[in-house]
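A quick write-up on the structure given underneath.
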Amino acid sequence: MKIATFNINGIRARLPQLLDWLRAAEPDVVALQETKCVDHGFPSLEIEELGYNIAIHGQKGFNGVALLSKLPLEDVSCGLPGDDEDEQARWIEATVVGSRAVRICGLYLPNGNPAPGPKYDYKLSWMERLRHRAAALVEAEETAVIAGDYNVIPQAEDCRNPEAWVTDALFLPQTRAAWRRIVNLGLTDALRIYEPGPEVYTFWDYQGGAWQKNNGIRIDHLLLTPQAADLLTDARVDRHVRGWEKPSDHVPVWVELDA
DNA sequence: ATGCCTCCCCGAGGGAGA
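Each residue of the first sequence is one higher than the one before, counting from 774 in our numbering.
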């Protein structure tokens, strides 16, 4: 079962690229972020024509997450538990049953800039809620993949110019400590298993020729519970997609599970 | 980099992103 995450940066603006990638990469499950449209604006027909079922958690203008799956999406749940006041569409989860049942969680973690400030406070509190949800999945011994745009640069080797990020919400010590508290529940950062080297990035800014200079950061991650990690057979970045016409600033990242 | 792009809102110029 091939499971991918892709911050699409506007699904209506990016539909041709998304369809081209789906046809070429043939993922079984995709977690999308930054769909930037309400549910009735989602281009469902074109995606369903490629054989995907769809679960959407949209919002007007920004945010927005979705799951695509060639297998049925069961027990869909939208919204990260822990704050009933939180209206932002950043979390969706569902179960997909192949040879094994896999819980798929798609997330769009808040950016948090500028830090310090209320946006950074929201990021840290969201990460604490994420830790609680991840702990529950680990405790229940679920076969689960927690995939998405984490807006976290875990370590210095995950960016080209660490010194440029030292005061940024994506790389602040508090952010990376919160990330470690989540990973240290016993989760596996899947891409690191198959791409251990430096200069493995998933985002390149549109500005300043970042792509041409390979001035990237690794912020899109797939975290696996132990039961999912047992099934891991591959994990890669579809880096080439960033060189396409009118690309997203993120590229797809995927894992292959024997499930 | 207090923003060199690009998305969204809409139908101008501002918010958001990372």
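Every residue, glycine too, gets a C-beta built ideally from N, C-alpha and C.
Residue i - DSSP class collapsed to helix/strand/coil
| i | result |
| --- | --- |
| residue 921 | strand |
| residue 979 | coil |
| residue 966 | helix |
| residue 930 | helix |
| residue 804 | strand |
| residue 834 | coil |
| residue 787 | coil |
| residue 888 | coil |
| residue 1005 | strand |
Pair within 8 Å by beta-carbon distance, residue i and residue j
| i | j | result |
| --- | --- | --- |
| residue 911 | residue 959 | yes |
| residue 816 | residue 775 | no |
| residue 897 | residue 925 | no |
| residue 806 | residue 895 | no |
| residue 931 | residue 990 | yes |
| residue 922 | residue 992 | yes |
| residue 862 | residue 849 | no |
Integer-rounded CB distance, given that residue j should sit under 8 Å from residue i
| i | j | result |
| --- | --- | --- |
| residue 907 | residue 964 | Residue 907 to residue 964, Cβ: 17 Å. No contact. |
| residue 778 | residue 995 | 6 Å |
| residue 840 | residue 802 | 7 Å |
| residue 792 | residue 819 | 6 Å |
Whole-angstrom distance between residue j and residue i, CA atom to CA atom
| i | j | result |
| --- | --- | --- |
| residue 1012 | residue 986 | 14 Å |
| residue 979 | residue 904 | 31 Å |
| residue 935 | residue 945 | 11 Å |
| residue 962 | residue 834 | 31 Å |
| residue 829 | residue 933 | 34 Å |
| residue 837 | residue 969 | 31 Å |
| residue 885 | residue 947 | 12 Å |
| residue 929 | residue 938 | 9 Å |
| residue 1018 | residue 913 | 43 Å |
| residue 1025 | residue 847 | 23 Å |
Range covered by the alpha helix (DSSP H) that runs through residue i
| i | result |
| --- | --- |
| residue 821 | 817-821 |
| residue 947 | 946-956 |
| residue 901 | 891-912 |
| residue 1002 | 999-1002 |
Extent of the continuous beta strand (DSSP E) run through residue i
| i | result |
| --- | --- |
| residue 778 | 775-780 |
| residue 848 | 847-851 |
| residue 876 | 874-881 |
Residue i CB to nearest heavy atom of the ligand MG below 7 Å
| i | result |
| --- | --- |
| residue 855 | The ligand content of the structure shown is nil, which means the ligand MG is not present either. |
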